[in-house]
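Novice: Below is the structure I would like to discuss, written out as structure tokens.
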């Protein structure tokens, strides 16, 4: 159990509400009387290299992680370190299970949860996978008879089917003409093409496997295969008394897996016709309407099969008392339904922070909301920067973007297990960012962890609060030409997502302050309408919007009209989609769709789009409307958050007593003024999550029946608004400040002392002008990674001020600040400022302990050819997946560069 800050308790769902009768002293509760919910803290993927772990190191590391503010770890066994082979432990062996059980016990002791990947490396697979249960791929070959005859040597893979198709559409099954790897066939009169289908199995081995985890990759489309796979875990865990908090499945990286042994049979059962009768549709990229519909059916079948595998795996996890956590992206599946097939959907961000990824990440958080869950997680900071060059400051915009996208449970990527016996920099994972004790950020990482915990506490409290259901038109993505096998990944969004009407509308809604969850056909079928609200698994929405699309399921259109009949607000961007996807009974289904459409449109021409003009069809208690999106939104009953026009982005949660807003100023301007909320509030609590206990009651005013809140936000600054609908918050007033004059630089002699780090502590210096310590005289400064203490004495400026802001200027890369022997706090994110409430009139002692990044020390190791990259498999690579070499890196600035300034502040009364 750990102590949580008062600000975190303010956000916790289990704490008392802050009403007028609750005095500030009662806000904070008794720390020890409250069990911490550590899902609010960041968790970390924990790579067990070679499974070369032991009890002493496990205990020490878990304690260290817990003390730093990490709430949980996910064990991921991978390849090992060279020279440590005698320590390797076979995956799922009795000794490995013993170590897992010990880890679970120590996790409980230290208040840190333990998750586990259901395998080693990725994706699912290992020695328990046979050729019969391994992933498989389809090989399609096309032959044209020469002089009416085919005589061909066939591929060595398993033959499934051969069809001859004439130009007039006649079909012959000539599979029996294949013998001993050759096809001999005399074509009848006419023009013929021959299509041969082969299955390659297995197609992949486990990537980055740990000892004992090597083997084939599992078939991701077979529930029988996943059941057989999990038997190995049942056997190994038969004596296990405690199971992991959750089991994990990584992103869909089943390369080349586009088939399964019984695919023809499954296709017929699900789609209502035999794929073999249209096998030529899978060949080539261009296609007729019929061929595109067959490809749609192929893609939909793969989607259903994989979703069922994840659902089966989830049932197994739940049978152990554990949760399932799944990354759906990369799969050939409807991502909303696949994310929702697990207990905790998980997305990821890769490399840079790119706001264009918002619609993609919203698919994950939307699935969590629609299924009635509370947590949406993310693999976070993967390759955010080059090894050893990522700062804590880099973490904040990435975290904030995820929070704005509805993610509230982040997982570091990650921390490699590194024993104390390993020399610095210890054991490394091939992909950055290393957020463990040897990664270079550890000393001040607890400050970031506290920030993330405060944010996630607000974003886990209550319920998600979105007004709009935005339909995800997967049928337009599937019912197209191109290669038959189509995946929806994070890394190929330009191919499938960013050209779509869904993407454009999603970005528009986000930028203009409208709130939405993306919804699939499957979840719409679960919807009901009560008192004008659309309800799915207890989540309430005010309207559903269908982006401009061509195809829609007949059952979905029927459901939308049913919801409108019950009183729901149903809106179509530009037009009602006039076509149904898929091939079976196409004409019959489209005739039924057109009957529905004719209820709304009196003169409907075949397959015509509606013009972008207003169309209103009243039905029952509600109405169906089609128009351009601005007209739809402006004439709806929906309310947006108008402060989005200032460049503020937000996410909102509802509580019984009010709402939680998480706001980030993504503009380049300071925001100092009133913002209007779409939700009424009697009082509002402001919480600055960057600091330990900075919160207070906001200034509010009512104008035109709206609640307005006064905020002050720097660019990239985040803040939490906690509103109370009917009663007043009992906290003290938030301090609004303005500077009374220009910043005053603290000048004089700085005493610089190196206090911890390596490879050796450089000689300190006394300097008058702040500079990078890499410019100091001692050569050790150019290779040093660690902490230096900057000390200076100064008198209080002769200026009237209610309080002061201390700004450090340029910091490379984070700092702890002490004033007169007292810790003021840790600054780790730009602009590196902190409040100062008290200054002595004379002889103030300012001490700034700055920790730099490890880049210069790594550079020195590589320049001297020190062997620290001694790992199997991919070893250590750079961000471009080339062999890692830092020897030619430029020396990175380090230390306190300033200028260090004091800015006098006047507390202003906004209510006057």
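In the working numbering, the protein residues as written are 30 to 941.
Using N, Cα and C, we set each Cβ at its ideal position, and we do this for glycine too.
From a predicted model like this one, the values you see are computed outputs, not experimental measurements.
1) Quick check: the Cα distance between residue 767 and residue 831, rounded to an integer number of angstroms?
2) Short check: CB of residue 518 to CB of residue 358, under 8 Å?
3) In the DSSP output, what is residue 891 paired with across the bridge?
4) Measuring only from the beta carbon, is residue 236 closer than 7 Å to any heavy atom that is part of the ligand ATP?
5) Quick check on the burial criterion: 16 or more other C-beta atoms within 10 angstroms. Buried or exposed for residue 162?
6) Please state whether DSSP places residue 238 in a helix, a strand or coil.
7) Between the beta-carbon of residue 611 and the beta-carbon of residue 326, is there less than 8 Å?
8) Just the Cα atoms here: how many angstroms apart are residue 586 and residue 620?
9) Apply the 10 Å Cβ neighbour rule to residue 808 and answer buried if 16 or more other Cβ atoms are within range, or exposed otherwise.
10) Starting from the C-beta of residue 320, find all residues in its chain whose C-beta is less than 6 Å away, skip the five residues before and the five after it, and write them out in chain order.
11) Compute the beta-carbon to beta-carbon distance between residue 4 and residue 166, rounded to the nearest angstrom, for a pair I have assumed lies under 8 Å.
12) If we ignore side chains and look at the alpha-carbon of each, how far apart do residue 57 and residue 351 end up?
13) Can you tell me the Cα-Cα spacing of residue 930 and residue 547, whole angstroms?
14) In chain order, what are the residue ranges of uninterrupted beta strand (DSSP E) at least 3 long that sit wholly in the stretch 735–788?
15) Alpha carbon to alpha carbon, what distance is there between residue 256 and residue 277?
16) How should residue 211 be labelled, buried or exposed, when 16 other C-beta atoms within 10 angstroms of its C-beta is the threshold for buried?
17) Have a look at residue 826 and residue 416 and give me their C-alpha separation to the nearest angstrom.
18) Measure how close the beta-carbons of residue 78 and residue 900 come, nearest whole angstrom, since I'm counting them as under 8 Å.
19) Can you give me the C-alpha to C-alpha distance between residue 424 and residue 171, rounded to a whole angstrom?
20) To the nearest whole angstrom, what separates the beta carbons of residue 667 and residue 543, a pair I think is in contact under 8 Å?
21) Quick one: what does DSSP say residue 335 is sitting in, helix, strand or coil?
22) Does the Cβ of residue 845 have 16 or more other Cβ atoms within 10 Å, making it buried, or fewer, making it exposed?
23) Taking 8 Å as the cut-off, decide whether the C-beta atoms of residue 419 and residue 341 are in contact.
24) For the candidate residues 369, 436 and 457, whose alpha-carbon lies nearest to that of residue 486?
25) Unbroken beta strand (DSSP E) runs of length 3 or more, entirely within the stretch 556–627: which are they?
26) Assign residue 270 to one of two classes, buried (16 or more other C-beta atoms within 10 Å of its C-beta) or exposed (fewer than that).
27) Out of curiosity, what's the CA-to-CA distance linking residue 580 and residue 649?
28) Express the C-alpha separation of residue 361 and residue 333 in angstroms, rounding to a whole number.
29) Measuring alpha carbon to alpha carbon, tell me which residue in 283, 536, 286 and 323 is nearest residue 296.
30) According to the Cβ coordinates, are residue 431 and residue 411 closer than 8 Å?
31) Return the CA-CA distance between residue 81 and residue 104, expressed in angstroms with no decimal places.
32) Per the contact definition of three or more C-beta pairs closer than 8 Å, is the stretch 522–531 in contact with the stretch 564–573?
33) Excluding the 5 residues preceding and the 5 following residue 26 in the sequence, name in chain order all residues of the same chain whose CB lies nearer than 8 Å to its CB.
34) If we count Cβ pairs, one from each stretch, closer than 8 Å, do we get three or more for the stretch 833–845 versus the stretch 916–927?
35) Could you say which of 222, 179 and 184 lies nearest to residue 198 if we only look at CA atoms?
36) Please name the residue, chosen from 688, 759 and 401, that lies closest to residue 736 on a Cα-to-Cα basis.
Specialist: The relevant details are as follows:
1) 10 Å
2) yes
3) Answer by DSSP bridge pairing: none, since residue 891 is not bridged.
4) Inclusion of the ligand ATP in the displayed structure is not the case, the ligand content being empty and no account of it being possible.
5) buried
6) coil
7) yes
8) 13 Å
9) exposed
10) 310
11) The first residue shown for the chain is 30 and the last is 941, placing residue 4 beyond what the model contains.
12) Interpretation of residue 57 is limited by its pLDDT of 26, a score under 50 that renders its predicted location unreliable; the figure taken from the coordinates is listed afterwards. Computed Cα separation, rounded: 32 Å.
13) 47 Å
14) 735–742, 747–753, 765–768 and 779–787
15) 16 Å
16) exposed
17) 43 Å
18) 7 Å
19) 51 Å
20) 7 Å
21) helix
22) buried
23) no
24) 436
25) 557–559, 562–565, 568–570, 572–575 and 598–602
26) exposed
27) 25 Å
28) 10 Å
29) 323
30) no
31) 13 Å
32) no
33) Outside the shown range of the chain, which is 30 to 941, sits residue 26, and nothing can be said about it.
34) yes
35) 222
36) 688
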